[in-house]
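Residue numbers (full-length UniProt numbering): 1 to 657. Have a look at the structure below before the remarks.
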């Protein structure tokens, strides 16, 4: 290392100063030689001290750099060999050329040099070949984050086992909120004396407290029919493994006392914000109640929902208070609108059309203009016969319009009433849903994940046999300025008859009350039978489908239509209904190609198997005993394979929802 004054940049200024100093000393010596001599000696001493100091500095600096270099080298060697980071060098043949001590100890070996990656850690080979830069692998019960440097054939191994354990612990201990609701508590206790009510409360509270104690969750009763539960993700996983057995326990214990009390539970999970968790829990509870109760809905922040329970049919409400309230609320909405559009689901059945006609009558009773949106090219034979009858009544037929006409007539003050569905993707004209801010939903299906955004009014009662039954009850609480015509009453009755399979399925006392009201209004039962008649060719087709049905040991029947033949959706449903009447069959599924080139599956059960859950897993929906799905871009064989897989998953899961 050169002295700084030996460098030209530093030497010349120093020489200049020396020359100036000598010149000044010479001048001083000329006038006073003694003073000049003293100045010269002083300059010589200063120069000697500067030179000596620079040499000392140079020596000390070199010694410091040497020591620092030695220490850095030593630290580098120790870091390379001793730090808890694995380092591995390999060659082109995946043979290990060198590893540090830490990595060798992780494998429990004395040395790894010369070993092949195929023998030591074969999971690394695909990562290197696939040109993955980083990946997580397991080595001897430890988790390592591997970083690959291909150019140097170098691999770094970072032990992240403790980090992952902490993350798992964090996930397991995240707060989960639940809201528990006693579905029919008010109705059951309405006629009870104080002693019986106290005994029921004590019984239910005792069961829930024991359940909370067993699983380690906090439970607080906030009202007579509502509890709040605080738990974590780990407890929630345990509850899911047990399929929320508390639902069955409460139902079975209360049934022994001839009181069937059921629970609905909404659970919010997946976020750290407590207000958001509470909102998710309440939304989950609303979803569970909308599907008929007696089930659990676990709702996550990403919108995904998991269901458990739902093994029983929803209990029929004995009171009509809600029907009266909804009827009056609907009247106000109709009066505040300029016109009303009524729309059902795609390929409407008799229930959808009958309910639409009933709602149209409600609109007319309140002196407003109403229209029924219908695509006559997408209706079945029964609805087609009803339309032919309607054409004999020009005033009623003039109220039916095509989807294109509805889009032209809609305005900001138009009220859209959707009947017999709550899924925007299933309505006749989805554009109407997005063009209208004022929407009312009237449906009897169990609520699914997909739902119309921000409706003004929702009337969903899964206990009801049909949407026509709900609409009939709404009509009873409207101003009776005029009676239903024969055809209007017959259309509503036909909707009830179709959905109840002539009053044999999902039929409650209020179903017969509605039918009685319609009969009193002039409904023609003979005309209903004429509308529901089928021709002999459809009868033969249905018989051929049933002929090739297979029934397994658990009483599940599956039948397929001919892959090369298209069947009407109604015929598929009728085939499933007929299969269910056979001895030993507890659930039936019919798969066939539809006239719209989709693959349709109709599912029916007697209640022991929840066909709604099975159909929902395939993208469909419906009721516990009556459900369906339409599959695109597939074949009958592929649909059968998916159906069987969904049934197996359902049965293996202990009939979970």
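Positions of the beta carbon are idealized from the N, C-alpha and C atoms, including for glycine. Small disclaimer: the values here were computed from a predicted structure and weren't measured.
As assigned by DSSP and simplified to three states, the class of residue i
i: residue 232; result: strand
i: residue 138; result: strand
i: residue 446; result: coil
i: residue 187; result: helix
i: residue 164; result: helix
i: residue 465; result: coil
i: residue 113; result: coil
i: residue 649; result: helix
i: residue 255; result: helix
i: residue 295; result: strand
i: residue 530; result: helix
i: residue 271; result: coil
i: residue 354; result: helix
Beta carbon of residue i nearer than 8 Å to that of residue j
i: residue 418; j: residue 452; result: yes
i: residue 273; j: residue 299; result: no
i: residue 103; j: residue 114; result: no
i: residue 493; j: residue 515; result: yes
i: residue 263; j: residue 250; result: yes
i: residue 21; j: residue 43; result: yes
i: residue 436; j: residue 414; result: yes
i: residue 479; j: residue 450; result: no
i: residue 477; j: residue 356; result: no
i: residue 383; j: residue 403; result: no
i: residue 148; j: residue 138; result: no
i: residue 578; j: residue 542; result: yes
i: residue 245; j: residue 266; result: no
i: residue 644; j: residue 618; result: no
i: residue 566; j: residue 558; result: no
i: residue 586; j: residue 545; result: no
i: residue 181; j: residue 150; result: no
i: residue 341; j: residue 441; result: no
i: residue 457; j: residue 464; result: no
i: residue 576; j: residue 537; result: no
Proximity to residue i [Cα-Cα], best of the options
i: residue 607; options: 437, 309, 635; result: 309
i: residue 177; options: 101, 138, 279; result: 279
i: residue 94; options: 123, 86, 107; result: 123
i: residue 380; options: 523, 631, 595; result: 595
i: residue 629; options: 649, 652, 590, 637; result: 590
i: residue 15; options: 39, 47, 32, 33; result: 47
i: residue 474; options: 363, 57, 619, 125; result: 363
i: residue 143; options: 159, 133, 151; result: 159
i: residue 434; options: 225, 399, 454; result: 454
i: residue 153; options: 350, 52, 89, 261; result: 89
i: residue 448; options: 471, 456, 421, 416; result: 421
i: residue 488; options: 359, 566, 58, 224; result: 359
i: residue 367; options: 339, 532, 351; result: 339
i: residue 438; options: 651, 337, 617; result: 337
i: residue 277; options: 174, 559, 245; result: 174
i: residue 521; options: 295, 361, 84, 240; result: 361
i: residue 524; options: 371, 275, 343, 491; result: 491
i: residue 401; options: 105, 353, 530; result: 353
i: residue 570; options: 553, 498, 296; result: 498
i: residue 39; options: 53, 52, 49, 24; result: 24
i: residue 554; options: 105, 293, 588; result: 588
Residue-chain proximity (residue i, chain B), Cβ-Cβ < 8 Å
i: residue 274; result: Chain labels in this structure do not include chain B; a single protein chain is all it has.
DSSP beta-bridge partners of residue i
i: residue 615; result: Looking at the DSSP assignment, residue 615 forms no beta bridge with any residue, so it has no partner.
i: residue 179; result: 228, 266
i: residue 33; result: Answer by DSSP bridge pairing: none, since residue 33 is not bridged.
i: residue 304; result: None; residue 304 has no bridge partner.
i: residue 145; result: 136, 158
i: residue 557; result: 551, 588
i: residue 623; result: Answer is none; residue 623 lacks a bridge partner.
i: residue 172; result: Beta-bridge pairing links residue 172 to no other residue.
i: residue 88; result: 99, 155
i: residue 345; result: 427
i: residue 439; result: 416
i: residue 601; result: 591, 629
i: residue 218; result: 230
i: residue 567; result: 594
i: residue 223; result: 226
i: residue 339; result: 369
beta-carbon residue i near the ligand NAP non-hydrogen atom, thresh 7 Å
i: residue 435; result: The ligand NAP is not part of this structure, which contains no ligands at all.
Exercise. Any chance you could list the alpha helix (DSSP H) runs of at least 4 consecutive residues sitting entirely within the stretch 364-434, in chain order?
Key: Assignment of alpha helix (DSSP H) within the stretch 364-434, counting only whole runs of 4 or more residues, yields 381-390, 394-397, 403-409 in chain order.
Practice problem: Would you list, in sequence order, the uninterrupted alpha helix (DSSP H) runs of no fewer than 4 residues that lie entirely inside the stretch 472-539? | Solution: Within the stretch 472-539, the complete alpha helix (DSSP H) runs of at least 4 residues are 486-500, 509-520, 525-531.
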